[in-house]
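**Q** Quick one: this structure, given as structure tokens, is what I'll be asking you about.
Numbering (my numbering), first residue to last: 281 to 848.
Written out as structure tokens, the structure reads:
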């Protein structure tokens with residue numbers, strides 16, 4: 281017995297309907313039904329509920345079975361329709377069956393109704409299930425077709441002769457065709473470069489037997505003859521007997537990856553060449569200090585073969601006094617305080633010699649910022665250190681020489697000034713007290729020569745002071761208005777020049793300043809002016825001040841020009 285039944289009667293005779301319902305309740309636990317007898321009522325019933333089956337009379341006062349079938353067909357309904365009538369000939373029944381009725385039963389043979397309904401309900405269930413499966417299959421095909429069409433890989437279906445049956449849009453783009461349809465009928469092997477084509481043909485029986493080609497790198501040919509690198513994967517589709525029927529072919533474009541791999545190989549080759557042939561020592565160190573790699577320059581520097589260094593750590597060749605400092609540097613770098621450091625240390629060569637080196641070490645880290653190893657560049661600076669030490673020694677000697685020279689000059693100045701002061705004093709007394717003119721004249725000559733000697737001594741001491749390193753450091757630099765200073769010096773010189781009948785000319789640019797030691801500069805200029813005035817008997821003395829500007833810097837030029845005898 282079936283569970284339930286929802287039946288729609290299109291019948292004008294209520295007695296016939298009750299009779300049929302009583303019969304149906306013997307077969308179904310629950311029978312729900314509605315009776316209609318015109319088109320409007322039928323449409324409302326179909327709109328209100330979902331029915332399992334329609335049972336209709338053929339001829340009614342206001343409706344007919346033909347109209348019921350027409351409405352059923354126009355609405356696209358799938359539930360079965362059974363014709364039950366008391367006066368239908370065989371010819372009419374056949375016409376109704378052609379019009380869409382599933383069965384017809386005469387009212388005088390109603391016992392046939394139950395098996396007819398049961399049979400049609402089962403057929404209806406099967407039709408619904410078949411339609412559901414067909415819809416699911418269509419939807420699945422649509423999803424898979426969308427996946428294939430949207431795939432970033434080129435996908436195609438081949439027969440067992442490798443003829444293309446269909447292809448997705450990406451496949452056409454990869455191989456340079458305008459549409460996938462253009463590829464249909466082409467032999468897939470013709471799209472593979474020759475060297476790889478022969479290999480595929482040779483191994484094809486094994487591929488077909490195993491049913492799979494997984495991740496083979498192949499060079500493919502485009503329509504225009506150009507080549508590109510792809511990754512080939514194939515799956516053989518077999519029937520229930522294991523016979524190959526078709527081949528799913530998938531091609532992934534790996535041109536960019538291959539280009540990157542080639543660039544990486546080239547870069548590694550360049551790095552290896554630069555590493556091996558570098559003029560300075562290079563080494564790769566593990567985090568524990570073990571020497572993993574060392575180039576020829578480093579081996580020559582340290583005196584060991586690379587095979588020997590591979591069994592050592594940098595501690596083994598580091599001077600004992602530098603080990604602690606070196607260890608601290610390594611620990612700081614690993615602690616992420618710095619990835620590159622420069623420092624100096626000492627190595628002990630295999631022959632026992634100690635050398636000074638400059639080290640530039642870089643910590644290489646992984647993708648997760650984890651420390652991996654060190655790359656160090658090592659340069660021998662032993663000679664440089666020796667040269668620096670020699671320079672320091674030479675500087676110390678020069679400073680000592682300057683100090684001794686200054687002390688000597690100071691002592692000479694004292695030793696010369698003391699007796700000369702006595703000579704000048706006695707000469708002055710003789711000039712003032714002597715009666716004999718000849719003696720006074722000779723004393724005057726002594727006084728003039730003595731003063732000249734004192735002036736010369738002052739000049740020598742001034743030059744010594746300027747050349748002394750200590751004195752240069754002790755100079756008191758101030759901003760000096762050179763224009764004003766020279767004008768003042770010229771004013772003081774003018775009366776003396778007029779007494780000798782000399783013309784004093786000035787060519788001084790206004791407002792020129794200089795950071796200098798004022799006292800020493802005025803002493804030097806006064807010496808030059810005194811010399812010009814002393815040795816110029818006629819003519820003129822010119823003083824000029826110019827500012828010279830150049831790309832390398834600005835310069836101040838002070839000139840004293842005279843018409844005297846000059847300097848031999």
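No residue lacks a Cβ here, since even glycine has one placed at the ideal position from N, Cα and C.
Fair warning: this is a prediction, and the values are worked out from it, not measured in the lab.
#1: Do residue 627 and residue 607 count as a contact pair if the criterion is CB distance below 8 Å?
#2: Would residue 661 and residue 624 be called neighbours here (beta carbons separated by less than 8 Å)?
#3: Would you check if the distance between the CB atom of residue 355 and the CB atom of residue 325 is smaller than 8 Å?
#4: Just the C-alpha distance for residue 440 and residue 412, rounded to the nearest angstrom, thanks.
#5: On the DSSP bridge list, what partners appear for residue 496?
#6: Am I right that residue 513 and residue 494 are in contact with their C-beta atoms under 8 Å? What's the rounded C-beta distance?
#7: Per DSSP, residue 502 forms a beta bridge with which residues?
#8: Hey, how far is the Cα of residue 473 from the Cα of residue 575?
#9: Which of the three DSSP states, helix, strand or coil, is assigned to residue 677?
#10: Thinking residue 842 and residue 804 are a contact (beta carbons under 8 Å), I'd like their distance in whole angstroms, please.
#11: Output yes or no for whether 8 Å exceeds the beta carbon distance between residue 361 and residue 349.
#12: Touching or not, the segment 610 to 620 and the segment 571 to 585, by the rule of three or more beta carbon pairs under 8 Å?
#13: Apart from the five residues on each side of it in sequence, which residues of its chain come closer than 8 Å, Cβ to Cβ, to residue 458?
#14: What does DSSP give as the partner residues of residue 285 in its beta bridges?
#15: How should residue 676 be labelled, buried or exposed, when 16 other C-beta atoms within 10 angstroms of its C-beta is the threshold for buried?
#16: With a CB to CB cut of under 6 Å and the five nearest residues on each side skipped, what residues in its chain are close to residue 366?
#17: Is the beta carbon of residue 703 sitting closer than 8 Å to the one on residue 730?
#18: Between residue 820 and the rest of its own chain, which residues show a CB-CB distance below 8 Å, the 5 nearest in sequence each way excluded?
#19: Please return the same chain residues whose Cβ sits closer than 8 Å to the Cβ of residue 749, not counting the five positions on each side in sequence.
#20: On the CB-based measure, 16 or more other CB atoms within 10 Å of its CB, does residue 424 come out buried or exposed?
#21: Do the segment 559 to 574 and the segment 588 to 597 meet, that is, are 3 or more Cβ pairs less than 8 Å apart?
#22: Buried or exposed: where does residue 330 fall if 16 or more other Cβ atoms within 10 Å of its Cβ makes it buried?
#23: Looking at the secondary structure, which residues open and close the beta strand (DSSP E) in which residue 525 lies?
#24: Buried or exposed for residue 381, going by 16 or more other Cβ atoms inside 10 Å?
#25: Throw me the rounded Cβ distance for the residue 466 and residue 529 pair, which I believe falls under 8 Å.
#26: In its own chain, which residues sit with a C-beta less than 6 Å from the C-beta of residue 434, not counting the 5 before and 5 after it?
#27: How would you label residue 793, buried or exposed, when you count the other beta carbons within 10 angstroms and need 16 or more for buried?
#28: Closest to residue 313 by CA distance: which of 301, 383, 307 is it?
#29: Where residue 342 and residue 318 are concerned, what is the direct C-alpha to C-alpha distance, given to the nearest angstrom?
#30: At which residues does the beta strand (DSSP E) containing residue 635 begin and terminate?
#31: What span of residues does the alpha helix (DSSP H) with residue 597 cover, start to end?
#32: Tell me which same chain residues have a C-beta within less than 7 Å of the C-beta of residue 874, skipping the five on either side of it?
#33: Output the boundary residues of the beta strand (DSSP E) element that contains residue 783.
#34: Do the CB positions of residue 400 and residue 337 come within less than 8 Å of each other?
#35: Fully enclosed by the segment 318 to 343, which beta strand (DSSP E) runs are 3 residues long or longer?
#36: Is DSSP giving residue 248 helix, strand or coil here?
**A** Short version:
#1: Walking along the chain shown from the start, residue 607 turns up at place 327. Walking along the chain shown from the start, residue 627 turns up at place 347. Against a cut-off of 8 Å, the Cβ pair of residue 627 and residue 607 comes out as no contact.
#2: Start at 1 with the first residue of the chain shown, and residue 661 comes out as number 381. Start at 1 with the first residue of the chain shown, and residue 624 comes out as number 344. For the pair residue 661 and residue 624, the CB atoms are nearer than the 8 Å cut-off.
#3: Taking the chain shown and counting its residues from 1, one reaches residue 355 at position 75. Taking the chain shown and counting its residues from 1, one reaches residue 325 at position 45. Against a cut-off of 8 Å, the Cβ pair of residue 325 and residue 355 comes out as no contact.
#4: Position 160 of the chain shown, counting from 1, holds the residue named residue 440. Position 132 of the chain shown, counting from 1, holds the residue named residue 412. Rounded to whole angstroms, residue 440 to residue 412 spans 33 Å at the Cα level.
#5: As a position in the chain shown, residue 496 is number 216, starting the count at 1. BP columns for residue 496 point to 512.
#6: For the purposes of this step, residue 513 is taken as residue 233 along the chain shown, with counting starting at 1. For the purposes of this step, residue 494 is taken as residue 214 along the chain shown, with counting starting at 1. Yes, they are in contact, since the Cβ atoms of residue 513 and residue 494 sit about 6 Å apart, within 8 Å.
#7: Position 222 of the chain shown, counted from the first residue, corresponds to residue 502. Paired residue(s): none; residue 502 is not in a bridge.
#8: If you number the chain shown from 1, residue 473 lands on position 193. If you number the chain shown from 1, residue 575 lands on position 295. Approximately 42 Å, taken between the alpha carbons.
#9: On the chain shown, position 397 is the one that residue 677 refers to. It is helical.
#10: As a first step, residue 842 must be located in the chain shown, where it is residue number 562. As a first step, residue 804 must be located in the chain shown, where it is residue number 524. Wrong, their Cβ atoms sit about 16 Å apart, outside the cutoff.
#11: In the chain shown, residue 361 corresponds to position 81, counting from 1. In the chain shown, residue 349 corresponds to position 69, counting from 1. Yes, the pair counts as a contact, with Cβ atoms nearer than the cut-off.
#12: By the Cβ test, the segment 610 to 620 is not in contact with the segment 571 to 585, since fewer than three Cβ pairs between them sit closer than 8 Å.
#13: Walking along the chain shown from the start, residue 458 turns up at place 178. For residue 458, where only same-chain residues beyond five positions count, the Cβ hits under 8 Å are 452.
#14: Counted from its first residue, the chain shown places residue 285 at position 5. Answer is 311, bridged to residue 285.
#15: Translated into positions along the chain shown, residue 676 becomes position 396. Exposed, by the Cβ-count rule.
#16: If you number the chain shown from 1, residue 366 lands on position 86. So the qualifying residues of the chain are 387.
#17: Taking the first residue of the chain shown as position 1, residue 703 is located at position 423. Taking the first residue of the chain shown as position 1, residue 730 is located at position 450. Yes; because the gap between Cβ atoms is below 8 Å, this pair is in contact.
#18: Counting from one through the chain shown, the residue named residue 820 turns up at place 540. Once the five neighbours on either side are set aside, the close Cβ partners of residue 820 are 782, 783, 784, 785, 842, 843.
#19: Counting from 1 along the chain shown, the entry for residue 749 is found at position 469. Model confidence at residue 749 stands at a pLDDT of 47, short of 50, so the residue's coordinates are unreliable and nothing is read from them.
#20: Counting from 1 along the chain shown, the entry for residue 424 is found at position 144. With fewer than 16 other CB atoms across the displayed protein chains lying within 10 angstroms of its CB, residue 424 is exposed.
#21: When C-beta atoms of the segment 559 to 574 are compared with those of the segment 588 to 597, three or more pairs fall below 8 Å, so the two segments count as touching.
#22: Looking up residue 330 in the chain shown gives position 50. Exposed, by the Cβ-count rule.
#23: Along the chain shown, read from residue 1 onward, the residue named residue 525 stands at position 245. Annotation: the continuous beta strand (DSSP E) that includes residue 525 extends over 524 to 533.
#24: Start at 1 with the first residue of the chain shown, and residue 381 comes out as number 101. Around the beta carbon of residue 381, 16 or more other beta carbons sit within 10 angstroms, so the residue counts as buried.
#25: On the chain shown, position 186 is the one that residue 466 refers to. On the chain shown, position 249 is the one that residue 529 refers to. No, residue 466 and residue 529 are not in contact; Cβ-Cβ is about 12 Å, not under 8 Å.
#26: Residue mapping note: residue 434 aligns to position 154 of the chain shown, counting from 1. Around residue 434: 450, 451, 454, 531.
#27: Along the chain shown, one-based indexing puts residue 793 at 513. Label assigned to residue 793: exposed.
#28: Counting from one through the chain shown, the residue named residue 313 turns up at place 33. Of 301, 383, 307, the residue nearest in Cα terms is 301.
#29: Locating residue 342 in the chain shown gives position 62, where the first residue counts as 1. Locating residue 318 in the chain shown gives position 38, where the first residue counts as 1. The straight-line gap from Cα to Cα measures roughly 6 Å.
#30: As a first step, residue 635 must be located in the chain shown, where it is residue number 355. Where residue 635 is concerned, the enclosing beta strand (DSSP E) stretches over 634 to 645.
#31: Locating residue 597 in the chain shown gives position 317, where the first residue counts as 1. Residues 594 to 597.
#32: With the chain running from 281 to 848 in the structure shown, residue 874 is simply not present.
#33: Locating residue 783 in the chain shown gives position 503, where the first residue counts as 1. Where residue 783 is concerned, the enclosing beta strand (DSSP E) stretches over 783 to 788.
#34: Taking the chain shown and counting its residues from 1, one reaches residue 400 at position 120. Taking the chain shown and counting its residues from 1, one reaches residue 337 at position 57. No, Cβ-Cβ distance for residue 400 and residue 337 is not below 8 Å.
#35: Listed in chain order, the complete beta strand (DSSP E) runs (minimum 3 residues) inside the segment 318 to 343 are 333 to 336.
#36: There is no way to answer for residue 248, as the model of the chain reaches only from 281 to 848.
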